[in-house]
Amino acid sequence: MTASLTMIGRSIRLSRRNFDLVIMAIVLPVLMMALFVYVFGGAISSTQSYVDYVVPGILVLCTGYGATSTAMSVTDDMKKGVVDRFRSMPISGFSVLTGHVVASVARNALATFAVVLVALLMGFRPAASLAGWVLAMGLLLLYVLALSWLAAGFGVVARSVESASLLGFFMLFIPYLSSAFVPVETMPSFLRAVSEHQPITPVIETVRALLNDQPVTSGWLALVWSGGLLVAAFGWATWLFGRINRR
Amino acid sequence: MIVETEGLTKRYGSATVLSGLDLKVAEGSVLALLGPNGAGKTTTIRILSTLTRPDGGAAQVCGFDVVREAAAVRGVISLTGQYAAVDEEQTGRENLVMIARLRGFARPAARARALELLERFDLADAADRRVRTYSGGMRRRLDLAMSLVARPRLLFLDEPTTGLDPVSRTTMWDAIGDLVRDGVTIFLTTQYLEEADRLADRIVVLHNGGVVADGTADALKNSVGGTRLDLTFSCAEDALRAQAVTGGVADGVTLSVPSDGSAVHLHRVLDDLLTAGVGVLRVSTHRPTLDDVFTSLTAVAA
Numbered sequence: 001m002t003a004s005l006t007m008i009g010r011s012i013r014l015s016r017r018n019f020d021l022v023i024m025a026i027v028l029p030v031l032m033m034a035l036f037v038y039v040f041g042g043a044i045s046s047t048q049s050y051v052d053y054v055v056p057g058i059l060v061l062c063t064g065y066g067a068t069s070t071a072m073s074v075t076d077d078m079k080k081g082v083v084d085r086f087r088s089m090p091i092s093g094f095s096v097l098t099g100h101v102v103a104s105v106a107r108n109a110l111a112t113f114a115v116v117l118v119a120l121l122m123g124f125r126p127a128a129s130l131a132g133w134v135l136a137m138g139l140l141l142l143y144v145l146a147l148s149w150l151a152a153g154f155g156v157v158a159r160s161v162e163s164a165s166l167l168g169f170f171m172l173f174i175p176y177l178s179s180a181f182v183p184v185e186t187m188p189s190f191l192r193a194v195s196e197h198q199p200i201t202p203v204i205e206t207v208r209a210l211l212n213d214q215p216v217t218s219g220w221l222a223l224v225w226s227g228g229l230l231v232a233a234f235g236w237a238t239w240l241f242g243r244i245n246r247r
Numbered sequence: 001m002i003v004e005t006e007g008l009t010k011r012y013g014s015a016t017v018l019s020g021l022d023l024k025v026a027e028g029s030v031l032a033l034l035g036p037n038g039a040g041k042t043t044t045i046r047i048l049s050t051l052t053r054p055d056g057g058a059a060q061v062c063g064f065d066v067v068r069e070a071a072a073v074r075g076v077i078s079l080t081g082q083y084a085a086v087d088e089e090q091t092g093r094e095n096l097v098m099i100a101r102l103r104g105f106a107r108p109a110a111r112a113r114a115l116e117l118l119e120r121f122d123l124a125d126a127a128d129r130r131v132r133t134y135s136g137g138m139r140r141r142l143d144l145a146m147s148l149v150a151r152p153r154l155l156f157l158d159e160p161t162t163g164l165d166p167v168s169r170t171t172m173w174d175a176i177g178d179l180v181r182d183g184v185t186i187f188l189t190t191q192y193l194e195e196a197d198r199l200a201d202r203i204v205v206l207h208n209g210g211v212v213a214d215g216t217a218d219a220l221k222n223s224v225g226g227t228r229l230d231l232t233f234s235c236a237e238d239a240l241r242a243q244a245v246t247g248g249v250a251d252g253v254t255l256s257v258p259s260d261g262s263a264v265h266l267h268r269v270l271d272d273l274l275t276a277g278v279g280v281l282r283v284s285t286h287r288p289t290l291d292d293v294f295t296s297l298t299a300v301a302a
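So the protein lines, in turn, are chains D and Z. Okay, so the first sequence: first residue is 1 according to UniProt numbering, each after it adds one. Okay, so the second sequence: first residue is 1 according to UniProt numbering, each after it adds one.
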């Protein structure tokens, strides 16, 4: 327990002092949102105000992307020999990875806060009740936690920090094949099939419905996807960490 | 025996890194594992410090099996790897407190231990600066201090001075010497013969995954022969004429003659050459260095 807390403290301190991570976690999401609201927003029409439509999508995209920075920090530790030091000490692999994961969740919570704040300034007017906010943020938290563990696993197997950062590109790209920016009904049928059945769509739909106070239709699906991903990713990452000694 | 291995093997793909390594290290001693790059030094340390599993054979550290009782092994050892494993963006003090907390020290005890080590390793002035600003020597000292937080019984040092300037190297050697006096068993790898000569009680030369020599620095030096005289002549013909008189091996204008290093022997050689009418330009006596040992051993094994 002390080990995990110490590792969490370390990772948070390191993130605070790593300017690149702060930029990636906060500035990028805000810029993305400005891009979608001001540049594309005029061309993309929707029955609902586009700001209200796109902000939940941006939140999910950015937290997903931010979570992948966990992979880079884990790989960095592996390559620098820091993981070797920790592995030669009587502490569990779980606490080493937990530090990175919790720091990632904290960075993304901060980023989410910043995005919501800027979104409100840009005219985002969510109709959600307090309960809606709490549920939406809770779901985002679960989603970020799951993706952070997934990223931690990638970080263990990645050959270099550069290859670990590739995960970020995927996470930046995949949400476009979802209802994040445009309703899936507007896509060609094969893309629509992909978009409707990938895990990010129910998460985005649920967050959007909760924030805009609309009926939630895919809440359980979002929960099952995120929870299932969390369990699988956690198991995978800790299993991989335990097998480093076979290399 | 604090370290005991039997028939340790490790392969990476088709490359055999260790081929049946047998090693015993007594508690309180300093063992240097010497060998060229790729001889298996780092792999041996990685197996003994539980970072890598052997493919075959067995290894015990402080009586615990490194595979089956890895957690127990980790409790009594410390590892300082080839690259200073320190957090650049934390200060020296934060790095040390972190390790102390991970080793189970309560917060005040962790802070006290960090301060003690900062002072001992001459890092107190830089304690609250980020490690990013440290010199290479300071990083290595911090790295070593981090390995000593929990007072290990056995300390692994993987090439502790590689890449350091001569002054920092001497400082590291002094620090390691202090540990030996405290009774810590040290298992180090090095490519520097001078380092092994200076620090180790016992040197094991590793080549192609196996032990090719094992003994004290002196014993190893004696194994390649004692002192020799190097005589220099004005031309190769003189060297050959001298060889006919005194024996030895001529190579160009020089002739190497085995010797016991005594003045009497030197006198006799010079007198014999004077009688034979061969003029000697220069004489030097040459005591074998570990470099000679190394070169002859690895040449034979190859």
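Cβ atoms here follow ideal geometry from the backbone N, Cα and C, with glycine treated the same way. Just so it is clear, the structure is predicted and the values come from calculations on it, not from any experiment.
Under 8 Å by Cβ, that's how I've got A152 (chain D) and V101 (chain D) pegged, so tell me the actual separation to the nearest angstrom. So it is a contact: roughly 6 Å between Cβ atoms.
Check the Cβ of A145 (chain Z) against every Cβ in chain D and list those closer than 9 Å, keeping chain order. In chain order: nothing, as chain D lies at least about 13 Å away.
If contact means a Cβ-Cβ distance below 7 Å, which residues of the segment 90–116 of chain D contact chain Z? P90, I91
What residues match up with F64 (chain Z) in a beta bridge as DSSP calls it? Z:V61
Could you tell me which uninterrupted alpha helix (DSSP H) segments, each at least 4 residues in length, are contained entirely in the segment 152–181 of chain Z, listed from first to last along the chain? 166–181
Taking 9 Å as the CB-CB limit, is A3 (chain D) close to chain Z? yes
V257 (chain Z) and R228 (chain Z) closer than 9 Å at C-beta: yes
Can we say the segment 41–60 of chain Z touches the segment 132–144 of chain Z, given the rule of at least three CB pairs closer than 8 Å? no
Per DSSP, what kind of secondary structure is I186 (chain Z) in: helix, strand or coil? strand
Out of D:L28, D:T68, D:L147, D:V54, which has the shortest C-alpha to C-alpha gap to M122 (chain D)? Taking each of D:L28, D:T68, D:L147, D:V54 in turn and checking the Cα distance to M122 (chain D), the smallest one comes out for D:V54.
Backbone CA spacing between E159 (chain Z) and N37 (chain Z) [nearest angstrom]: Approximately 11 Å between the Cα atoms of the pair.
Can you list, in chain order, the residues of its chain whose CB lies under 7 Å from that of S49 (chain Z), leaving out five sequence neighbours each side? If the five residues before and after S49 (chain Z) are omitted, its C-beta is found closer than 7 Å to the C-beta atoms of I77, L79, F156, all from its own chain and listed in chain order.
Any idea what DSSP makes of G227 (chain D), helix, strand or coil? helix
I'd like the ranges of any alpha helix (DSSP H) spanning at least 4 consecutive residues and lying wholly in the segment 14–94 of chain Z. If we require 4 residues or more, the alpha helix (DSSP H) runs fully inside the segment 14–94 of chain Z come out as 41–48, 70–76.
Would you call the segment 134–153 of chain Z and the segment 105–122 of chain Z touching, i.e. three or more CB-CB distances under 8 Å? Touching, yes.
Unbroken stretches of the beta strand (DSSP E), 3 residues or longer, contained in the segment 196–244 of chain Z: 202–207, 210–215, 228–232
Could you run through the segment 183–203 of chain D and flag, in chain order, every residue whose CB is less than 8 Å away from some CB of chain Z? The residues in question: there are none.
Cβ-Cβ distance between L229 (chain D) and L150 (chain D) below 9 Å: yes
Looking at C-alpha atoms only, which residue of D:L61, D:R107, D:A222, D:L142 is the closest neighbour of Q20 (chain D)? Reading off the sequence shown, one finds Asp at residue 20 (chain D), where the question assumed Gln. D20 (chain D) has its Cα closest to that of D:R107, out of D:L61, D:R107, D:A222, D:L142.
Just confirm the distance between the C-beta atoms of A100 (chain Z) and A114 (chain Z), as a whole number of angstroms; I'd bet it's less than 8 Å. 6 Å
Classification of V86 (chain Z) by the beta-carbon crowding that lies within 10 angstroms, buried from 16 upward: buried
Beta-carbon neighbours of L14 (chain D), restricted to chain Z and to distances below 8 Å: D87, E89, Q90
Within 10 angstroms of its Cβ, does D77 (chain D) collect 16 or more other Cβ (buried), or is it exposed? D77 (chain D) counts as buried, since no fewer than 16 other beta carbons sit within 10 angstroms of its beta carbon.
Nearest chain Z C-beta to N212 (chain D) closer than 9 Å, yes or no? Output row for N212 (chain D): interface = no.
Using three-state DSSP, classify V280 (chain Z) as helix, strand or coil. coil
Could you check what DSSP says for K10 (chain Z) in three-state terms: helix, strand or coil? strand
Label T298 (chain Z) either buried or exposed according to how many other C-beta atoms from any shown protein chain fall within 10 Å of its C-beta, with 16 as the threshold for buried. buried
Interface residues of the segment 185–196 of chain Z facing chain D [CB-CB below 8 Å]: none
Partner residues on chain D for T43 (chain Z), Cβ-Cβ distance less than 9 Å: Neighbours of T43 (chain Z) on chain D: none; closest Cβ ~11 Å, over 9 Å.
Endpoints, beta strand (DSSP E) assigned at L255 (chain Z): 254–258
Starting from residue 353 (chain Z), find everything on chain D with Cβ-Cβ shorter than 9 Å and list it in chain order. No answer is possible for residue 353 (chain Z): it lies beyond the span of chain Z, which begins at 1 and ends at 302.
At least one CB of chain D closer than 9 Å to the CB of M172 (chain Z): is that the case? Chain D contact via Cβ: absent.
Would you call N222 (chain Z) buried or exposed, if buried means 16 or more other Cβ atoms sit within 10 Å of its Cβ? exposed
So which residues of chain D does I77 (chain Z) contact, with C-beta pairs closer than 8 Å? S88
Buried or exposed for S147 (chain Z), please, with buried defined as at least 16 other CB atoms from any protein chain shown within 10 angstroms of its CB. buried
Which chain Z residues are close to T75 (chain D), counting only those with a beta carbon under 9 Å from its beta carbon? The contacting residues do not exist; T75 (chain D) stays about 15 Å from chain Z at best.
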